[in-house]
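To keep things clear, I will list the structure first and then write my remarks on it.
Numbering (this note's numbering), first residue to last: -11 to 340.
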């Protein structure tokens, strides 16, 4: 079991919130610690949005709680009704993630039996203390590196995808091993999509950096979609390949095509990492290979239409995966070329 940075930062934020709360004389530094727990998020942008939403929801919750105590009292039934109203208000404002902490504020204020604005201000100060403490910790202590995590996950997913694609037709893996690997691949793809969203949410202030990052996001999206198309090919083979009988020639062709696509995908990642020699290009399969697969199916007019339709689905998945890889190759080439031109211009500027 490993302890991640977010776990450590949560503990540190709680400790700092309690310490600061005691230092400034808050009546309930425990509220500050609770607020710190809810504010720690996987990205700086989400932490900042969480702070804004928590402030908005908790201020409204405090006002509603004080007004409810004055007008209705603080009997258990009224506390419950106010909590329902606050939940509905948070949902209406689309701040569902702030509901838990806002309810804590409401219940604490109403339970205090009319101590009024002084207690409300103390609770809000405690919440702000916890949120600010957590935000500062999240920004300064090991800030999230979503780009590195995304690229590392891409390599892991591609390696696992390649292994499954190379065995999905040959059927060499044991059934239980194959299923476990497939589940692991699906989970890694889901995690990869989360990493991409976290990286896409990060904000860049300089205009030049924003443009560069926007182009980079296009390449990363291409990486993600290519892996998803590879997984779709696995599902297509599983659903349709074993349901019909195919000729040995067609089997060899589709197996060879998948093998070439796996190699092409691997070399694209080597190219992105700068591991290939200057001038070397990723070995793309011949464009006519997928067309030949479709032609061979069309020549089998004597077979059942349903069987041919299944083979067309597999061929379509192969073609889609290949098309996404070729598009990714172009995106990478454009990025690398633009990067080389920029470095060359900077070098010429230094010489002049």
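Glycine included, C-beta positions come from ideal geometry on N, C-alpha and C. Treat the numbers as computed from the prediction; the structure is a model and nothing was measured.
{"query": "Residue 299 versus residue 317 - alpha carbon distance", "result": "27 Å"}
{"query": "Cα-Cα separation between residue 115 and residue 24, rounded to whole angstroms", "result": "8 Å"}
{"query": "Alpha-carbon to alpha-carbon, residue 134 and residue 56", "result": "44 Å"}
{"query": "Residue 39 vs residue 98 beta-carbon contact at 7 Å", "result": "no"}
{"query": "Residue of 110, 41, 156 and 295 minimising C-alpha distance to residue 82", "result": "41"}
{"query": "Proximity to residue 28 [Cα-Cα], best of 201, 127 and 93", "result": "127"}
{"query": "Cβ neighbours of residue -2 in the same chain (closer than 7 Å, five flanking residues each side left out)", "result": "25 and 28"}
{"query": "Beta-carbon contacts of residue 30 that lie in its chain and below 7 Å, excluding the five residues immediately before and after", "result": "-6, 132 and 186"}
{"query": "Check whether residue 213 and residue 296 have beta carbons under 7 Å apart", "result": "no"}
{"query": "Simplified DSSP state of residue 235, which is helix, strand or coil", "result": "coil"}
{"query": "Closest Cα partner of residue 221 within the set 129, 279 and 150", "result": "150"}
{"query": "Same chain, Cβ closer than 6 Å to residue 308, five either side skipped, listed in chain order", "result": "217"}
{"query": "Beta-carbon contacts of residue -4 that lie in its chain and below 7 Å, excluding the five residues immediately before and after", "result": "none"}
{"query": "Limits of the unbroken alpha helix (DSSP H) element including residue 39", "result": "32 to 59"}
{"query": "When 165, 303, 138 and 148 are compared against residue 181, the one with the closest alpha-carbon", "result": "138"}
{"query": "DSSP state of residue 129 mapped onto helix, strand, coil", "result": "coil"}
{"query": "Between the CA atoms of residue 145 and residue 19 - distance to the nearest angstrom", "result": "42 Å"}
{"query": "Contact belief for residue 191 with residue 33 at Cβ below 8 Å, rounded distance in angstroms", "result": "6 Å"}
{"query": "C-beta atoms of residue 96 and residue 111 nearer than 7 Å", "result": "yes"}
{"query": "Contacting residues, own chain, Cβ-Cβ under 6 Å from residue 43 (five flanking each side not counted)", "result": "none"}
{"query": "Beta-carbon gap between residue 49 and residue 94 smaller than 7 Å", "result": "yes"}
{"query": "Three-state class that DSSP yields for residue 64 in the structure shown", "result": "helix"}
{"query": "Counted within 10 angstroms of its Cβ, other Cβ atoms place residue 46 as buried (16 or more) or exposed", "result": "buried"}
{"query": "Separation of residue 292 from residue 314, as counted between CA atoms", "result": "33 Å"}
{"query": "Status (buried if at least 16 other CB within 10 Å, exposed otherwise) for residue 130", "result": "exposed"}
{"query": "Separation of residue 179 from residue 141, as counted between CA atoms", "result": "8 Å"}
{"query": "Status (buried if at least 16 other CB within 10 Å, exposed otherwise) for residue 275", "result": "exposed"}
{"query": "contact_flag[the region 242 to 250, the region 155 to 169] where n(CB pairs < 8 Å) is 3 or more", "result": "yes"}
{"query": "Alpha-carbon to alpha-carbon, residue 271 and residue 224", "result": "24 Å"}
{"query": "Proximal residues to residue 35 (C-beta, below 8 Å), its chain only, five neighbours per side dropped", "result": "27, 28, 29, 122, 123, 126 and 127"}
{"query": "Residue burial classification, residue 147 (beta-carbon count within 10 angstroms, cutoff 16)", "result": "exposed"}
{"query": "Buried versus exposed call for residue 210 [16 or more other C-beta atoms within 10 Å across all chains shown]", "result": "buried"}
{"query": "C-beta atoms of residue 117 and residue 9 nearer than 7 Å", "result": "yes"}
{"query": "Beta-carbon gap between residue 72 and residue 78 smaller than 7 Å", "result": "no"}
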